[in-house]
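Under my numbering, residues 4 to 272 are what the sequence shown spells out, in order.
The C-beta atom is built at its ideal place from N, Cα and C for all residues, glycine as well.
Take a look at the structure below.
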Amino acid sequence: MDRYAVLGHPVAHSLSPRIHTAFAQACGVELSYTAIDIEPGVFATRVEELREAGYRGFNVTLPHKRAAAALAQHVADRARLAGAANTLIRSGNGWTADNTDGIGLIADLTHNLRLELAGLRVAVIGSGGAARGILAPLLATKPGRLVLANRSPQTPQKLAQDLASVGTIEARQYAELAGQSFDLVINATSAGHQGLVPELPDRLFRAAAMAYDLNYGPAASPFLGWAEAHGAARTSDGLGMLVEQAAESFLLWRGVRPRTAPVLAALRA
Ligand code: NDP
Numbered sequence: 004m005d006r007y008a009v010l011g012h013p014v015a016h017s018l019s020p021r022i023h024t025a026f027a028q029a030c031g032v033e034l035s036y037t038a039i040d041i042e043p044g045v046f047a048t049r050v051e052e053l054r055e056a057g058y059r060g061f062n063v064t065l066p067h068k069r070a071a072a073a074l075a076q077h078v079a080d081r082a083r084l085a086g087a088a089n090t091l092i093r094s095g096n097g098w099t100a101d102n103t104d105g106i107g108l109i110a111d112l113t114h115n116l117r118l119e120l121a122g123l124r125v126a127v128i129g130s131g132g133a134a135r136g137i138l139a140p141l142l143a144t145k146p147g148r149l150v151l152a153n154r155s156p157q158t159p160q161k162l163a164q165d166l167a168s169v170g171t172i173e174a175r176q177y178a179e180l181a182g183q184s185f186d187l188v189i190n191a192t193s194a195g196h197q198g199l200v201p202e203l204p205d206r207l208f209r210a211a212a213m214a215y216d217l218n219y220g221p222a223a224s225p226f227l228g229w230a231e232a233h234g235a236a237r238t239s240d241g242l243g244m245l246v247e248q249a250a251e252s253f254l255l256w257r258g259v260r261p262r263t264a265p266v267l268a269a270l271r272a
């Protein structure tokens, strides 16, 4: 039986085993998928041991996404632009690193939430690893404008410079968003894990605007609650992104993209 796993630290909380097991059942594929905790510093060694034990692919989560991109013999453009990988694929001549987070977000926004992104005014709040992974895919949808704002002011500028060849990202500080409004505001911070909301100006949402949080579960509640109270017409957490990025990884490993709607519905239930 082909073996796959999600690698992280901590990783016991991960929904990926449940998602991929459901995909495999739906596709009639026999595989095993588990969560494996790997301490920082020994990532490459453990990946090699797992390969020898018969593993053919991995999802990778915090804190190993950069290490995953670094160990691969081949790095897909998406992972290179993101500076990190969430998927490792074993082929005859080594590991390929890819990043399906961004395409997973776009699939959730466009297919599940029926948002037409072209021409929209989009703001991404937060400029950590997750933000970096979604910016190039967002630019590819041809938004009307793409603004990147963060609590610490330097990182948005650096990201905008790094991705300048892909498209224009307007780097801003939170205070500079005052008086500006958007059709889509994406929270890509981890503030919700501390029960916090980024300290944003009040009137960010245009009529019919959507607030989207990459987080899901209780960590999404602070920002989405704030957004509803401040004029967002629609809100969504990032559970759909999680399921869609998983489907893209499954496609890379198995050559088939599973249907996501039943799995997303089961997780929400
Ligand atoms: P990082 O640690 O790389 O970055 C954290 C970001 O959050 C930084 O921009 C940081 O700002 C900001 N931040 C943290 N606390 C606060 C606060 N109190 N107020 C304002 N900003 C704050 O994390 P990631 O980018 O990897 O992940 C971000 C979130 O996205 C995580 O919660 C993660 O779970 C989620 N995620 C969801 C995915 C999905 O599939 N749905 C996929 C990937 C990530 P500063 O630079 O100023 O410190």
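Arg271 counts as exposed, since fewer than 16 other beta carbons sit within 10 angstroms of its beta carbon. Your pair His12 and Pro66 checks out as a contact, with CB atoms roughly 6 Å apart and the cut at 8 Å. Bounds of the beta strand (DSSP E) holding Gly11 are 5–11. Collapsing the DSSP output to three states places Ile109 in a helix.
If you draw a straight line from the Cα of Thr24 to the Cα of Glu179, it comes to about 45 Å.
With respect to the 8 Å criterion, Asp111 and Met213 are not classified as neighbours on the basis of their beta carbons. Taking C-beta atoms as the reference points, Pro140 and Ile109 count as a pair closer than 8 Å.
Excluding its 5 nearest sequence neighbours in each direction, Glu231 has C-beta neighbours in its own chain below 7 Å: Thr238, listed in chain order. In this structure Phe185 touches Val125 by the C-beta definition: roughly 6 Å separates them, less than 8 Å. Residue range 173–176 is occupied by the beta strand (DSSP E) that includes Gln176, with no alpha helix (DSSP H) assigned at that position.
Under the three-state reduction of DSSP, Ser130 is assigned to coil, being neither helix nor strand. Within the same chain, Cβ atoms closer than 8 Å to the Cβ of Ala191 are found at Val127, Ile128, Gly129, Ser130, Gly131, Ala133, Ala134, Ile137, Leu217, the five residues on either side in sequence being excluded.
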